[in-house]
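The working numbering puts the first residue of the sequence shown at 174, with every later residue one more than the last. The beta carbon of each residue, even a glycine, is placed where N, CA and C say it ideally should be. Working notes for the structure below.
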Amino acid sequence: MKIDVIGSGSAFSKRNNTSSIRIIDCQQNQWLIDCGPTVPRAIWQRNIGVNDIQVIYFTHIHPDHSSGLAALINQWKSFKRTEPLTIFCQAEQQQSLQALVNLAVWPETDVCFDIHWQDITDGFEWKHWQIRTANTHHEMSNKAIRITVDGKTLFYSGDGRPTAASQVLMKGADIAFQECASFAALPDDSSHGDLPDCERLLVDTEVKALGIYHCFDEAIPSLLNALADIPDMFLSRDGLQLDLDNLDLSEKTFNLLSIGQGDKL
Numbered sequence: 174m175k176i177d178v179i180g181s182g183s184a185f186s187k188r189n190n191t192s193s194i195r196i197i198d199c200q201q202n203q204w205l206i207d208c209g210p211t212v213p214r215a216i217w218q219r220n221i222g223v224n225d226i227q228v229i230y231f232t233h234i235h236p237d238h239s240s241g242l243a244a245l246i247n248q249w250k251s252f253k254r255t256e257p258l259t260i261f262c263q264a265e266q267q268q269s270l271q272a273l274v275n276l277a278v279w280p281e282t283d284v285c286f287d288i289h290w291q292d293i294t295d296g297f298e299w300k301h302w303q304i305r306t307a308n309t310h311h312e313m314s315n316k317a318i319r320i321t322v323d324g325k326t327l328f329y330s331g332d333g334r335p336t337a338a339s340q341v342l343m344k345g346a347d348i349a350f351q352e353c354a355s356f357a358a359l360p361d362d363s364s365h366g367d368l369p370d371c372e373r374l375l376v377d378t379e380v381k382a383l384g385i386y387h388c389f390d391e392a393i394p395s396l397l398n399a400l401a402d403i404p405d406m407f408l409s410r411d412g413l414q415l416d417l418d419n420l421d422l423s424e425k426t427f428n429l430l431s432i433g434q435g436d437k438l
């Protein structure tokens, strides 16, 4: 399993793309998780082919996680995508995403490739991928996701504070990405995560490595300083690429990932 961090930033970050990752298995099947406003350009900069991404999974449809869909579909149409696209979303959120697809081709109505809409359920399979989902605590219904493929397991939280269900989903993952907006502790009823709670998660869930992301810009310097002393936790960043099949997840060096730029590990 390869992970390509398209974006790691919070909704209004001035330094990072909005949060999104791309997942590639050993057969070159590709998923995109979330597609905020700055994600399409980051995809184009990577020269990812218009037919390469087979699935987009939306944790939820706040604009920083979904509004880039119109631009991405428009580019795929303009450059003659031919392969079908599957979009996984919550049933009640599909109408808003469909409006973005309609905007992408307006005033035309033909997208030129098939789009298959799939409701997110608690557990399902896609090809040889095993998928489980659970809600986090967020102001909009948000579906964290656990993906097991090629013998590796990834957890990705989307937005929001952990819930009992999302912590079960995270348990024992090879690598987890948890939203962590704040360095300081936030109220328990907040819609966002914080570093003290992420430290607790690292211990309670026994994940091998925990990447925090969606951090407020002003919190990043303090988070970087703190992470230097927290083994197995790192600050995710735009452009980070991880190959879990060739990465020793037992090494306690993940805090080093927070520092460099453009590493491929």
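Where the beta strand (DSSP E) containing residue i begins and where it ends
i, result
"Val178", "Lys175 to Gly180"
"Cys262", "Leu258 to Cys262"
"Leu359", "Segment: none, Leu359 is in no beta strand (DSSP E) and carries neither H nor E."
"Gln291", "Ile288 to Asp292"
For residue i, three-class secondary structure by DSSP
i, result
"Asp421", "coil"
"Tyr329", "strand"
"Val212", "helix"
"Asn220", "coil"
"Leu413", "coil"
"Ala244", "helix"
"Asp283", "coil"
"Asn190", "coil"
Same chain, Cβ closer than 6 Å to residue i, five either side skipped, listed in chain order
i, result
"Gly345", "Glu379"
"Ala307", "Ala317, Ala338, Ser339 and Leu342"
"Cys501", "With the chain represented from 174 up to 438, any question about residue 501 goes unanswered, as that position is not in the structure."
"Ile293", "Phe261, Gln263, Thr306 and Lys316"
"Ala277", "Ala243, Ile246 and Asn247"
"Leu258", "Ile288"
Beta-bridge pairing of residue i - partner residues as DSSP gives them
i, result
"Gln303", "Glu298 and Thr321"
"Gly384", "Phe350 and Phe407"
"Leu205", "Arg195 and Ile229"
"Lys253", "In the DSSP output, where bridge partners are listed per residue, Lys253 has none listed."
"Arg334", "His310"
"Lys316", "Asn308"
"Pro355", "The residue you asked about is not Pro; residue 355 is Ser in the sequence shown. In the DSSP output, where bridge partners are listed per residue, Ser355 has Asp367."
Range covered by the alpha helix (DSSP H) that runs through residue i
i, result
"Ala399", "Ile393 to Leu400"
"Leu270", "Gln267 to Val278"
"Arg373", "Leu368 to Thr378"
"Asp237", "Pro236 to Ser239"
"Leu342", "Ala337 to Met343"
Interface flag, residue i vs chain C, CB-CB below 8 Å
i, result
"Ile293", "Structure shown: chain C not included; a single protein chain is present."
Beta-carbon contacts of residue i that lie in its chain and below 8 Å, excluding the five residues immediately before and after
i, result
"Lys253", "Val223 and Cys285"
"Asp295", "Arg305, Thr306 and Ala307"
Sequence-distant residues of the same chain with beta carbon closer than 7 Å to residue i, five excluded per side
i, result
"Asn202", "Gln227 and Lys300"
"Leu383", "Ala349, Gln351, Cys371, Leu374, Leu375, Asp405 and Met406"
"Leu359", "His365 and Asp367"
"Lys187", "Asp390"
"Glu312", "Ser364"
Would you call the segment 297 to 308 in contact with the segment 278 to 286, where contact means no fewer than 3 C-beta pairs closer than 8 Å?
no
Check whether the segment 346 to 354 and the segment 309 to 327 touch, using three or more Cβ-Cβ pairs below 8 Å as the test.
yes
Three or more C-beta pairs closer than 8 Å, one from the segment 262 to 277 and one from the segment 190 to 198: is that the case here?
no
If you pair each beta-carbon of the segment 397 to 407 with each one of the segment 175 to 188, do three or more pairs fall below 8 Å?
no
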